[in-house]
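S.K.:
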Amino acid sequence: MSIQQDNRFQAIISHAKEYGFVFPSSEIYDGLSAVYDYGPYGSELKKNIRDHWWKSMTQLHENIVGIDAAIFMHPTTWKASGHVDNFSDPMIDNRDSNKRYRVDHLLEAKADELKEKGQVKEADELLLSMDTLLAAEDFEGLKNLITEQKITCSVSGTTNWTDIRQFNLMFSTQLGSVAEEADTIYLRPETAQGIFVNFLNVQKTARMKVPFGIAQTGKAFRNEIVARQFIFRMREFEQMEMQFFVRPGTEGEWYRYWKEARLQWHLALGIPADKYRYHDHVKLAHYAKEACDIEYEFPIGFKEVEGIHSRSDFDLTQHQQYSKKKLQYFDTEINQNYVPYVIETSIGLDRMFLLVLSHAYEEETLTKEDGSSDSRVVMRIPAKLAPIKLAVLPLTKKDGLPEIARELINSCKPHFKCFFEEKDTIGKRYRRQDAIGTPFCVTIDHQTKEDGTVTIRHRDTMVQERIKMDEIKNLVLAQM
Ligand code: ATP
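The opening residue of the sequence shown carries number 5 in the numbering used here; numbering runs sequentially from there.
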């Protein structure tokens, strides 16, 4: 990461804390590593992203319904899904610092370093070798790659590495009151399994016909080893997943459909296309037919924000086998019973939140009319996701102006989130709203009393215009 990018990332983290978006968890006790809390504006933004995803999946697709499954699941779920045996990452320890690293992260960081030096071809070759070795689970080959590349530990600075080992990422806990009776259960590492085990419940009760999808948002937990990079990689995070069940043989076309549809969802938010790219997987899980990541150019480089996976009938077949319950669908169009194939779209809510912050954050230098310069931090959050949509600011605290402001807020607040503020100069109040990404500010002044017009100021352009107060609500609603 260049110093400039690093500075930008640090600036976003500080801004997120200062303006009530994200706080370190239990900060008064010095925080808990890779766990974060969302503040007043952060929780609004997070909820808006979740609602927007939920609406685009369930409301805009007649053949997708939602569920809300529990975090705790029967422990056999995780045997069947393969997580007990396989949900692990290859890790390597540095003997001098005792620091543990994920092997793919060490090699990816090296590739980034090479790219920064202009050695793009070498970087690409390194990533390709890594993907091939990971696919073959060739740990010796991976260790050789680390040695050849002279990769050092960031703490000790040495190349004194252990062998590579697998490390399971699931958190376990006990269910039951007495230790002897207690069963070991896991905190779910993904929301998807809650969908698979409910496949028949949902299909029957909502009378769904293949192809159809089941969507879910909720917490997931992973004991991540390399857990830095702010909310990019957390130990407790939230996922938004959708499993789309299709007739075997049609999975290729549905995979392509969702791969495209999901990228379009991102672009429709107004985030530039050149900030995105696909990364098609070379290393496929043994059951997977195709898989790709949608990557975004975060200040820490291009990284995965969402995965699209063609999972065959693996999950339902496994649960069928372990539960001894049939998880099949009778397709009346072809008069056949089958276990549907699945296309999964899986996006991290917190990672999407970081994406929105990364896209939105801008330090802007402004030239004033008298030639002097000024600056502002503006969060260009898409209006539909902004924590507050409209700030209403009476010019003074007297002459009935606050009362008019309240009137406007009362007519708007059933429809979207508003904010009232009467303290400080208008300029300062505008700056505070820019910093939390409020797309519209309205100022109520003495002219309002005479002709019912107000000044509306647009966050991104700072353009101000005078319009009728009773047009404000629809103007804001048009952006939702
Ligand atoms: P990575 O390679 O970054 O560990 P993954 O391939 O394991 O991610 P998936 O299992 O496909 O991720 O999970 C789907 C999505 O969930 C990811 O695209 C990401 O947005 C999000 N996600 C996964 N792990 C985390 C985490 N530790 N913190 C925040 N979000 C996460």
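Heads up, the beta-carbon is just placed ideally off N, CA and C, and yes, glycines get one too.
#1: Do you know offhand how far proline 79's Cα is from isoleucine 199's?
#2: Just the C-alpha distance for tyrosine 23 and leucine 353, rounded to the nearest angstrom, thanks.
#3: Over what stretch of residues does the beta strand (DSSP E) that includes serine 101 continue unbroken?
#4: Distance check for methionine 174 and glutamate 228, CA to CA, integer angstroms please.
#5: Excluding the 5 residues preceding and the 5 following alanine 295 in the sequence, name in chain order all residues of the same chain whose CB lies nearer than 8 angstroms to its CB.
#6: Exposed or buried, glutamine 255, counting other C-beta atoms within 10 Å across all chains shown (16 or more means buried)?
#7: Just tell me which of Tyr190, Gln233 and Phe203 has its CA closest to the CA of alanine 113.
#8: Got a sec: does ligand 1 put a non-hydrogen atom nearer than 7 angstroms to the Cβ of aspartate 354?
#9: At a cut of 8 angstroms, does the stretch 469-483 reach the stretch 447-457 through at least three beta carbon pairs?
#10: Quickly, what does DSSP pair lysine 223 with across the bridge? List them, please.
#11: Given a cut-off of 8 angstroms, decide if alanine 439 and valine 381 are closer than it, judged by their beta-carbon atoms.
#12: Assuming glutamate 245 contacts threonine 349 (C-beta within less than 8 angstroms), just tell me the rounded distance between them.
#13: Classify histidine 270 as helix, strand or coil using the three-state DSSP reduction.
#14: Which residues bound the alpha helix (DSSP H) around tryptophan 465?
#15: Does the Cβ of valine 309 lie closer than 7 angstroms to at least one heavy atom of ligand 1?
#16: Per DSSP, what kind of secondary structure is threonine 400 in: helix, strand or coil?
#17: Hey, methionine 423 and alanine 395 are a contact pair by Cβ (cut 8 angstroms); roughly how many whole angstroms apart?
#18: Measure the Cβ-Cβ separation of alanine 224 and phenylalanine 241 and say whether it is below 8 angstroms.
#19: Give a single yes or no on whether serine 314 has its beta carbon closer than 7 angstroms to a heavy atom of ligand 1.
#20: What residues are listed by DSSP as bridge partners for lysine 307?
#21: Output the boundary residues of the alpha helix (DSSP H) element that contains glycine 46.
#22: When the Cα of tyrosine 190 is compared with those of Met77, Leu110 and Glu126, which residue comes out closest?
#23: Got a sec, what are the start and stop residues for the beta strand (DSSP E) serine 92 sits in?
#24: Say the cut is 7 angstroms; is the CB of arginine 281 nearer than that to a heavy atom of ligand 1?
#25: At what residues does the beta strand (DSSP E) containing tyrosine 342 begin and finish?
#26: Do you know offhand how far leucine 36's Cα is from glutamate 407's?
#27: Going by the beta-carbon positions, is the gap between alanine 219 and tryptophan 58 smaller than 8 angstroms?
#28: Report the CB separation of serine 362 from phenylalanine 306 in whole angstroms; it is logged as a contact under 8 angstroms.
#29: Would you say the stretch 161-175 touches the stretch 91-99, given that touching needs at least three Cβ pairs under 8 angstroms?
#30: With DSSP collapsed to three states, give me the class of alanine 115.
#31: To the nearest angstrom, report how far apart valine 309 and glutamine 243 are at their CA atoms.
#32: Does the distance from the C-beta atom of threonine 442 to that of isoleucine 476 stay below 8 angstroms?
#33: Just to confirm the assignment, what range does the beta strand (DSSP E) spanning isoleucine 189 have?
#34: When the distance is taken between beta carbons, is leucine 412 closer than 8 angstroms to aspartate 449?
#35: Look up glutamine 483 in the DSSP assignment and say whether it is helix, strand or coil.
#36: Whole angstroms is fine: what's the gap from isoleucine 150's alpha carbon to aspartate 142's?
M.R.: On the basis of the coordinates in this document:
#1: Going from the Cα of proline 79 to the Cα of isoleucine 199 covers about 15 angstroms.
#2: Rounded to whole angstroms, tyrosine 23 and leucine 353 show a C-alpha spacing of 20 angstroms.
#3: That residue, serine 101, is in no beta strand (DSSP E); it is neither H nor E in DSSP.
#4: Going from the Cα of glutamate 228 to the Cα of methionine 174 covers about 9 angstroms.
#5: Correct list, in chain order: Asp284, His285, Leu288, Ala289, Gly311, Ile312, His313 and Ser314.
#6: Position check: residue 255 holds glutamate in this sequence, whereas glutamine was assumed. Classification of glutamate 255: buried, given that the 10 Å Cβ count is 16 or more.
#7: Between alanine 113 and the set Tyr190, Gln233 and Phe203, the nearest pair of CA atoms involves Gln233.
#8: Distances between the C-beta of aspartate 354 and the heavy atoms of ligand 1 include at least one below 7 angstroms.
#9: With the cut-off at 8 angstroms, the stretch 469-483 and the stretch 447-457 touch.
#10: DSSP, once it has assigned bridges, lists Glu242 as partnering lysine 223.
#11: In this structure, the beta-carbon distance from valine 381 to alanine 439 falls below 8 angstroms.
#12: That belief holds up - the Cβ atoms of glutamate 245 and threonine 349 are roughly 7 angstroms apart, short of 8 angstroms.
#13: DSSP, reduced to helix, strand and coil, places histidine 270 within a helical segment of the structure shown.
#14: The question names tryptophan, but residue 465 in the sequence shown is threonine. Neither: threonine 465 is in no alpha helix (DSSP H) and is coded neither H nor E.
#15: Checking every heavy atom of ligand 1 against the Cβ of valine 309, one is found closer than 7 angstroms.
#16: If DSSP states are grouped into helix, strand and coil, threonine 400 belongs with coil.
#17: Strictly speaking, residue 423 in this sequence is phenylalanine, with methionine absent from that position. Rounded to whole angstroms, the Cβ separation of phenylalanine 423 and alanine 395 is 4 angstroms, and the two are in contact under 8 angstroms.
#18: Their beta carbons are under 8 angstroms apart, which means alanine 224 touches phenylalanine 241 by this criterion.
#19: Answer for serine 314: no, Cβ out of range of ligand 1.
#20: Paired residues: Tyr300.
#21: Residues 44-58.
#22: The closest CA to that of tyrosine 190, considering only Met77, Leu110 and Glu126, is found on Met77.
#23: Start and end: 92-97.
#24: No - ligand 1 has no heavy atom lying nearer than 7 angstroms to the Cβ of arginine 281.
#25: Where tyrosine 342 is concerned, the enclosing beta strand (DSSP E) stretches over 340-342.
#26: Looking at the two C-alpha atoms, the distance is approximately 45 angstroms.
#27: Yes; because the gap between Cβ atoms is below 8 angstroms, this pair is in contact.
#28: Approximately 12 angstroms separates the beta-carbon atoms of serine 362 and phenylalanine 306; this is outside 8 angstroms, ruling out the contact.
#29: At 8 angstroms Cβ cutoff, the stretches touch.
#30: Annotated three-state conformation of alanine 115 is helix, per DSSP.
#31: For the pair valine 309 and glutamine 243, the Cα-to-Cα distance works out to about 11 angstroms.
#32: Contact annotation: threonine 442 and isoleucine 476 have beta-carbon atoms that are not nearer than 8 angstroms.
#33: Run containing isoleucine 189: 187-190, per the beta strand (DSSP E) assignment.
#34: No, the Cβ-Cβ distance between aspartate 449 and leucine 412 is not below 8 angstroms.
#35: In the structure shown, glutamine 483 sits in coil (DSSP, three-state: anything other than H, G, I, E or B).
#36: Distance between the alpha carbons of isoleucine 150 and aspartate 142 is about 13 angstroms.
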